[in-house]
Ligand code: DGP
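Numbering (the working numbering), first residue to last: 5 to 114.
Pasting the structure below:
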C-alpha cells in the first residue's frame, strides 16, 4: 500500500483538514508556503491523468475542497497544482492536488 493510501485509510495518524467519503486533505510534510495542503482521493490513482480518466466526480471534488480550504484559511490568492510525472516534479505516485498560499508566487514556475 502506498504512503498516501495508508494516510487515507487512517493507518498513519493524520489530522484531516477536509474529509469525505472520497477525499481527504492534510498538511504537506515539507511545506513550500505558509499554507501547503495536499488534497487526495482515498482511492489509489497514480496521477491526475489517471484520476481524470477514471473518476471525474472525485477530480471535481478535489477542486471543491481546495476552494473550501482556501476560504477557511482566508487565502486571498493561492496556487493549486498537480505535478504529473517525475519530469514535472511528482515524487509520490498517488494523485494529489497541492494547495499553496500565504506568500506571493512567481510565474513561470520553476
Ligand atoms: P509531489 O512532489 O508533487 O509528488 O508532492 C509530494 C508531496 O508529498 C511533497 O510535497 C512532500 C509530501 N509528502 C511526502 N510524503 C509525505 C507524508 O508521509 N506525509 C505528508 N503529510 N506529506 C508527504
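For glycine and all other residues, C-beta sits at the position ideal for the given N, C-alpha and C.
Per-residue burial, residue i [other beta carbons within 10 Å of its own, 16 or more giving buried]
{"i": "residue 16", "result": "exposed"}
{"i": "residue 114", "result": "exposed"}
{"i": "residue 11", "result": "buried"}
{"i": "residue 33", "result": "exposed"}
{"i": "residue 89", "result": "exposed"}
{"i": "residue 81", "result": "exposed"}
{"i": "residue 53", "result": "exposed"}
{"i": "residue 105", "result": "buried"}
{"i": "residue 29", "result": "buried"}
{"i": "residue 39", "result": "buried"}
{"i": "residue 8", "result": "buried"}
DSSP state of residue i mapped onto helix, strand, coil
{"i": "residue 39", "result": "strand"}
{"i": "residue 68", "result": "helix"}
{"i": "residue 23", "result": "strand"}
{"i": "residue 121", "result": "Nothing in the structure corresponds to residue 121, since the chain is present only between 5 and 114."}
{"i": "residue 44", "result": "strand"}
{"i": "residue 9", "result": "helix"}
{"i": "residue 53", "result": "helix"}
{"i": "residue 62", "result": "helix"}
Neighbour flag for residue i against chain B, beta carbons, 8 Å
{"i": "residue 44", "result": "Although the question refers to chain B, the structure presented lacks it and comprises just one protein chain."}
Own chain partners of residue i with C-beta closer than 6 Å, once the 5 adjacent residues on each side are dropped
{"i": "residue 100", "result": "42, 44"}
Cut-off 7 Å between Cβ atoms - residues of its own chain near residue i, not counting five sequence neighbours on either side
{"i": "residue 55", "result": "45, 49, 62, 63, 99"}
{"i": "residue 35", "result": "none"}
{"i": "residue 73", "result": "21, 22, 29, 41, 103"}
Identified DSSP bridge partners for residue i
{"i": "residue 83", "result": "104"}
Own chain partners of residue i with C-beta closer than 8 Å, once the 5 adjacent residues on each side are dropped
{"i": "residue 27", "result": "43, 44, 45, 46, 62, 65, 66, 69"}
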